[in-house]
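Protein chains: 2
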Amino acid sequence: MARSEDGGEKKPLERLGVREIAKRVGVAPMTVSRVLSNPDMVAPATRAKVLEAIEAAGFVPNRLASSMKGNGRMIGTVVPPLINSGIAEQVQGMSDECQQGGYSMLLVQGEFTTEAEEASIRTLLGWRPAGMILQSFVQSEVARQLLVSSGAPVVEISEIKGRQPIDMVVGVSNFETAYAMTMHLVAKGYKRIGFVSTPIHGNDRLQQRRTGYHAALSELGIENHASMEVEVPITAAGGAEALATLTERHADIDAIFFSSDTLAIGAVQECHRRGWAIPDRIGIAGYGDMDLAAQLYPPLTTVKVNRYEMGRRAVRQLLDRLGGKQKLATITSLGFEIVDRESA
Amino acid sequence: MARSEDGGEKKPLERLGVREIAKRVGVAPMTVSRVLSNPDMVAPATRAKVLEAIEAAGFVPNRLASSMKGNGRMIGTVVPPLINSGIAEQVQGMSDECQQGGYSMLLVQGEFTTEAEEASIRTLLGWRPAGMILQSFVQSEVARQLLVSSGAPVVEISEIKGRQPIDMVVGVSNFETAYAMTMHLVAKGYKRIGFVSTPIHGNDRLQQRRTGYHAALSELGIENHASMEVEVPITAAGGAEALATLTERHADIDAIFFSSDTLAIGAVQECHRRGWAIPDRIGIAGYGDMDLAAQLYPPLTTVKVNRYEMGRRAVRQLLDRLGGKQKLATITSLGFEIVDRESA
DNA sequence: TCAAGCTATTATACTATTATAAGTGTCAAG
DNA sequence: CTTGACACTTATAATAGTATAATAGCTTGA
Numbered sequence: 166m167a168r169s170e171d172g173g174e175k176k177p178l179e180r181l182g183v184r185e186i187a188k189r190v191g192v193a194p195m196t197v198s199r200v201l202s203n204p205d206m207v208a209p210a211t212r213a214k215v216l217e218a219i220e221a222a223g224f225v226p227n228r229l230a231s232s233m234k235g236n237g238r239m240i241g242t243v244v245p246p247l248i249n250s251g252i253a254e255q256v257q258g259m260s261d262e263c264q265q266g267g268y269s270m271l272l273v274q275g276e277f278t279t280e281a282e283e284a285s286i287r288t289l290l291g292w293r294p295a296g297m298i299l300q301s302f303v304q305s306e307v308a309r310q311l312l313v314s315s316g317a318p319v320v321e322i323s324e325i326k327g328r329q330p331i332d333m334v335v336g337v338s339n340f341e342t343a344y345a346m347t348m349h350l351v352a353k354g355y356k357r358i359g360f361v362s363t364p365i366h367g368n369d370r371l372q373q374r375r376t377g378y379h380a381a382l383s384e385l386g387i388e389n390h391a392s393m394e395v396e397v398p399i400t401a402a403g404g405a406e407a408l409a410t411l412t413e414r415h416a417d418i419d420a421i422f423f424s425s426d427t428l429a430i431g432a433v434q435e436c437h438r439r440g441w442a443i444p445d446r447i448g449i450a451g452y453g454d455m456d457l458a459a460q461l462y463p464p465l466t467t468v469k470v471n472r473y474e475m476g477r478r479a480v481r482q483l484l485d486r487l488g489g490k491q492k493l494a495t496i497t498s499l500g501f502e503i504v505d506r507e508s509a
Numbered sequence: 166m167a168r169s170e171d172g173g174e175k176k177p178l179e180r181l182g183v184r185e186i187a188k189r190v191g192v193a194p195m196t197v198s199r200v201l202s203n204p205d206m207v208a209p210a211t212r213a214k215v216l217e218a219i220e221a222a223g224f225v226p227n228r229l230a231s232s233m234k235g236n237g238r239m240i241g242t243v244v245p246p247l248i249n250s251g252i253a254e255q256v257q258g259m260s261d262e263c264q265q266g267g268y269s270m271l272l273v274q275g276e277f278t279t280e281a282e283e284a285s286i287r288t289l290l291g292w293r294p295a296g297m298i299l300q301s302f303v304q305s306e307v308a309r310q311l312l313v314s315s316g317a318p319v320v321e322i323s324e325i326k327g328r329q330p331i332d333m334v335v336g337v338s339n340f341e342t343a344y345a346m347t348m349h350l351v352a353k354g355y356k357r358i359g360f361v362s363t364p365i366h367g368n369d370r371l372q373q374r375r376t377g378y379h380a381a382l383s384e385l386g387i388e389n390h391a392s393m394e395v396e397v398p399i400t401a402a403g404g405a406e407a408l409a410t411l412t413e414r415h416a417d418i419d420a421i422f423f424s425s426d427t428l429a430i431g432a433v434q435e436c437h438r439r440g441w442a443i444p445d446r447i448g449i450a451g452y453g454d455m456d457l458a459a460q461l462y463p464p465l466t467t468v469k470v471n472r473y474e475m476g477r478r479a480v481r482q483l484l485d486r487l488g489g490k491q492k493l494a495t496i497t498s499l500g501f502e503i504v505d506r507e508s509a
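Pasting the structure below:
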């Protein structure tokens, strides 16, 4: 084993760890460990010496090892692509709250397919996270089983009603939001309202939005054709394309409800290009109230959902549970607002 | 220790691990381990039995334990706030490449302050990541020292020239990009060009962009006042505000170069509100070529930097190094394009 | 027929931290 | 002068996977 003759017996460069720090200070490793996690249990004088040595050595305790003893301080999360989706706000919320609570965030981007979901969850569970945050309800039964048997608390950021959550849910009623926006548009005098969303398959949030839109229309006795709905990719170009498609199919459409601000903003640009007056020629409504929505010309009427707060709350739920808090809400419903601006 | 009388001696529920799987199959733990990491070293028959047992038990190997033996498969990264910054694209690139390489991504959001940076890096190093990706050059000397002594390869996604990198750099010459855009604007006939950026302090990329802008102007003998530059927060409202401020200070400003598309897009909306024709009344140029830029009305002239690719390349560098590849580039410079559209 | 050569497998020990239990020492009360 | 209580510290073992060396079993060639 290359016992190089450097005179001594065993000096493999002495990796920096609690052991090495302990040796330098002249205490037991356990004492060093306590200085890091339970400083009050160590005599002030000892503590000072240990801290000094830690500082001097530039020692950063190995969290892998402590996690193995069940003190994991890592939250795992699977999110859809960050670009344009408004998920970035949520991730920021999660990250901020994690950091505040002393946790690290392990992030995996995954598609909404069953296999990808399963693979992502498997990867994360491999790190034995203290908690997991998932988007939308988990589809794969295998993945659900893995999550349950992992024992970690799980928050699904999702539609708040529908399937049985694995553990906890944080979200809004997407049905309600879409229902409310559709009602709002009708109240403003629109009669032929189109609906545009990003691919709905496997995304219960989008499904609920569409259902809410349908519910409002049918409740008001407004007939609705499937041809007044389109799915497009989540890009500004997608929004523009949807506007073109719908108004070509139905020249009398007087408003379009987009399931995402990104799409709505794209549509607004397309209207400018065509010289169509908003909202006179056509009303445009979005979803999400992203930063640009209020600054847009004309300002965008949209559904405001506090995604940053959603992220925070999801982590908070996890940390509360980990902290042993009793009587935790299983379902946390955040409110929403219909922000009535000028685009519809 | 609550040795509950269940007849047997020690059956603490037998946590699921290689040991337990091994016992069930009737092989040594090491064999199970090899099935997972070096399947070729195990006889096909044995391998099949082990895989079956793993499947049946829903066993997910503990990566914490394997990481402790130096097989860490985690990349740590510190990023600025994701919202509006175009960092989301980069994170997506990193994430995709990590996943492809079988690595997980540990993400910390941190501000650009020295203390926050140091804290974030410390946190990440605690997880003993196989590699680190940082934004901009690391300011804190202590943090640099920690990184170096951690032994992990480090990529700084940053301005590619300037300070000595800790290890490797991936990026573009922000100086060049800004210089090129400024030259481009002058070539198009603009004479009084303002410059707007988000807070520059501590961000060498922004510093370089401003320097490039200065260099181009002075090379052309165009005088430039500090009053033609503003710093605003990275929001659409910030862009609108900057436009208002600059045109109020200097009524004769005929173009503004924004250090971010988000700002430029906000400014374009402000122009619409004021009824100012773009580019006739004023030219607007952005930076980043975000998705919306091409769809904007009018389409945004901007600097195209492939942020997604930057993220990928950063991870690639790390993985190449970890894979033992020799002669790795220390500096990877990605190209850029001046995308000439109609806003300027 | 025995040693060498090979493959497949196993036993041991190690990674860094920490829960737990056991062990010091000091002080005050009995 | 002992006993108990208390504050602090240490020794041991455990977490789960895997590098390493050792071993078993088999074939092959001399």
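From first to last, the protein sequence lines are chains Y and D. Taking our numbering, the leading residue of the first sequence gets 166, the next gets one more, and so forth. Taking our numbering, the leading residue of the second sequence gets 166, the next gets one more, and so forth. The beta carbon of each residue, even a glycine, is placed where N, CA and C say it ideally should be.
Reduced DSSP secondary structure (H/G/I, E/B, other) of I219 of chain D: Along the second sequence, read from residue 1 onward, the residue named residue 219 of chain D stands at position 54. Note: I219 of chain D maps to helix in three-state DSSP.
Inter-residue Cα distance where the pair is T495 of chain D and R238 of chain Y: Indexing the second sequence from 1 puts residue 495 of chain D at position 330. Indexing the first sequence from 1 puts residue 238 of chain Y at position 73. Their backbone Cα atoms lie some 34 Å apart in a straight line.
Where the alpha helix (DSSP H) containing I430 of chain Y begins and where it ends: Walking along the first sequence from the start, residue 430 of chain Y turns up at place 265. Where I430 of chain Y is concerned, the enclosing alpha helix (DSSP H) stretches over 426 to 439.
Positions along the segment 251 to 273 of chain Y whose CB lies within less than 8 Å of some CB in chain D: A253, E254, V256, Q257, S260, D261, Q264, S269, M270, L271, L272, V273
I186 of chain Y (DSSP reduced to helix, strand or coil): For the purposes of this step, residue 186 of chain Y is taken as residue 21 along the first sequence, with counting starting at 1. Helix, per DSSP.
Nearest residue (CA-CA) to D454 of chain Y, options Y:E502, Y:T288, Y:A420: In the first sequence, the residue the question calls residue 454 of chain Y occupies position 289. The shortest C-alpha separation from D454 of chain Y is found at Y:E502.
Beta-carbon neighbours of V225 of chain Y, restricted to chain D and to distances below 7 Å: In the first sequence, the residue the question calls residue 225 of chain Y occupies position 60. Going along chain D in sequence order, the residues near V225 of chain Y (Cβ under 7 Å) are R287, L290, G291, L311.
Three-state class that DSSP yields for A284 of chain D in the structure shown: Here residue 284 of chain D corresponds to residue number 119 of the second sequence, with the count starting at 1. Helix.
C-beta atoms of E394 of chain D and R374 of chain D nearer than 9 Å: Taking the second sequence and counting its residues from 1, one reaches residue 394 of chain D at position 229. Taking the second sequence and counting its residues from 1, one reaches residue 374 of chain D at position 209. No. Outside cutoff.
Endpoints, beta strand (DSSP E) assigned at Y268 of chain Y: Position 103 of the first sequence, counting from 1, holds the residue named residue 268 of chain Y. That residue, Y268 of chain Y, is in no beta strand (DSSP E); it is neither H nor E in DSSP.
Minimum Cβ-Cβ distance from A479 of chain Y to chain D less than 9 Å: Residue numbering aside, residue 479 of chain Y sits at position 314 when the first sequence is read from its first letter. When Cβ-Cβ separations below 9 Å define contact, A479 of chain Y makes no contact with chain D.
Beta-carbon gap between R438 of chain D and L465 of chain D smaller than 9 Å: Sequence index remark: in the second sequence, residue 438 of chain D carries index 273 (1-based). Sequence index remark: in the second sequence, residue 465 of chain D carries index 300 (1-based). For R438 of chain D and L465 of chain D, no; Cβs fall outside 9 Å.
Partner residues on chain Y for P194 of chain D, Cβ-Cβ distance less than 9 Å: Indexing the second sequence from 1 puts residue 194 of chain D at position 29. By Cβ distance, chain Y contributes nothing, its closest Cβ being about 16 Å from P194 of chain D, past 9 Å.
Three-state secondary structure assigned by DSSP to Y473 of chain D: Translated into the one-based positions of the second sequence, residue 473 of chain D becomes position 308. If DSSP states are grouped into helix, strand and coil, Y473 of chain D belongs with the helices.
V468 of chain Y vs T288 of chain Y beta-carbon contact at 9 Å: Reading the first sequence from its first residue, position 303 is the one you call residue 468 of chain Y. Reading the first sequence from its first residue, position 123 is the one you call residue 288 of chain Y. Contact: no.
Test: M348 of chain Y CB closer than 9 Å to a CB of chain D: For this step, residue 348 of chain Y is matched to residue 183 along the first sequence. Cβ-Cβ to chain D under 9 Å: no for M348 of chain Y.
Alpha-carbon spacing of V337 of chain D relative to E384 of chain D, whole angstroms: One-based indexing of the second sequence puts residue 337 of chain D at position 172. One-based indexing of the second sequence puts residue 384 of chain D at position 219. C-alpha separation (whole angstroms): 22 Å.
Exposed unless 16 or more other CB atoms sit within 10 angstroms - verdict on G251 of chain Y: The residue you call residue 251 of chain Y lines up with position 86 of the first sequence. The residue is buried, with at least 16 neighbouring Cβ atoms inside 10 Å.
Separation of G291 of chain Y from V225 of chain D, as counted between CA atoms: In the second sequence, counting from the first residue as 1, residue 225 of chain D sits at position 60. In the first sequence, counting from the first residue as 1, residue 291 of chain Y sits at position 126. Going by the C-alpha atoms only, they are around 6 Å apart.
Test item: CB-CB of P463 of chain D and I447 of chain D under 9 Å: Stepping through the second sequence from its first residue, residue 463 of chain D is reached at position 298. Stepping through the second sequence from its first residue, residue 447 of chain D is reached at position 282. For the 9 Å CB-CB criterion, P463 of chain D and I447 of chain D do not form a contact.
Interface residues of chain Y facing Q434 of chain D [CB-CB closer than 7 Å]: Taking the first residue of the second sequence as position 1, residue 434 of chain D is located at position 269. Per Cβ cutoff of 7 Å: Q460, L461, Y462.
CB contact check: V307 of chain Y to chain D, cutoff 9 Å: For the purposes of this step, residue 307 of chain Y is identified with residue 142 of the first sequence, where counting begins at 1. It does: the Cβ of V307 of chain Y has a partner Cβ on chain D nearer than 9 Å.
Y355 of chain D - DSSP class collapsed to helix/strand/coil: Your numbering for residue 355 of chain D matches position 190 in the second sequence. Coil.
Backbone secondary structure at Y378 of chain D - three-state DSSP: Here residue 378 of chain D refers to the residue found at position 213 of the second sequence. In the structure shown, Y378 of chain D sits in a helix (DSSP, three-state: H, G or I).
Proximity to M297 of chain Y [Cα-Cα], best of Y:T278, Y:R486, Y:L493: In the first sequence, residue 297 of chain Y corresponds to position 132, counting from 1. With distances taken between Cα atoms, M297 of chain Y lies closest to Y:R486.
Check whether I322 of chain Y and S305 of chain Y have beta carbons under 9 Å apart: Along the first sequence, one-based indexing puts residue 322 of chain Y at 157. Along the first sequence, one-based indexing puts residue 305 of chain Y at 140. At a Cβ-Cβ threshold of 9 Å, I322 of chain Y and S305 of chain Y do not count as neighbours.
Chain Y contacts from the segment 401 to 433 of chain D (Cβ-Cβ distance under 9 Å): Contact annotation: in the segment 401 to 433 of chain D, residues whose CB is within less than 9 Å of a CB in chain Y are A401, A402, G404, A405, T427, I430, G431, V433.
Nearest-angstrom Cα separation, counted from A253 of chain Y out to S508 of chain Y: As a working note, residue 508 of chain Y is residue 343 in the first sequence. As a working note, residue 253 of chain Y is residue 88 in the first sequence. Answer to the nearest angstrom: the Cα atoms are 25 Å apart.
7 Å CB neighbourhood of R370 of chain Y in its chain, flanking five on each side removed: Residue numbering aside, residue 370 of chain Y sits at position 205 when the first sequence is read from its first letter. Contacts found: S301, S323, E324, N339.
Per DSSP, the bridge partner or partners of Y344 of chain D: Against the second sequence, residue 344 of chain D aligns to sequence position 179. According to DSSP, Y344 of chain D bridges with nothing at all.
Residue range of the alpha helix (DSSP H) that includes E406 of chain Y: To locate residue 406 of chain Y, count along the first sequence from 1; it is residue 241. For E406 of chain Y, the uninterrupted alpha helix (DSSP H) segment begins and ends at 401 to 414.
Min CB distance I248 of chain D to chain Y below 9 Å: Position 83 of the second sequence, counting from 1, holds the residue named residue 248 of chain D. Yes, I248 of chain D lies at the interface with chain Y (some Cβ there is under 9 Å from its Cβ).
Proximal residues of chain Y, C-beta to C-beta of S314 of chain D below 9 Å: Here residue 314 of chain D corresponds to residue number 149 of the second sequence, with the count starting at 1. The contacting residues are L181, G223.
Distance, T400 of chain Y Cα to A407 of chain Y Cα: Walking along the first sequence from the start, residue 407 of chain Y turns up at place 242. Walking along the first sequence from the start, residue 400 of chain Y turns up at place 235. Looking at the two C-alpha atoms, the distance is approximately 11 Å.
Under the three-state DSSP convention, the category G291 of chain Y falls into: Residue 291 of chain Y sits at position 126 when you count from the first residue of the first sequence. If DSSP states are grouped into helix, strand and coil, G291 of chain Y belongs with the helices.
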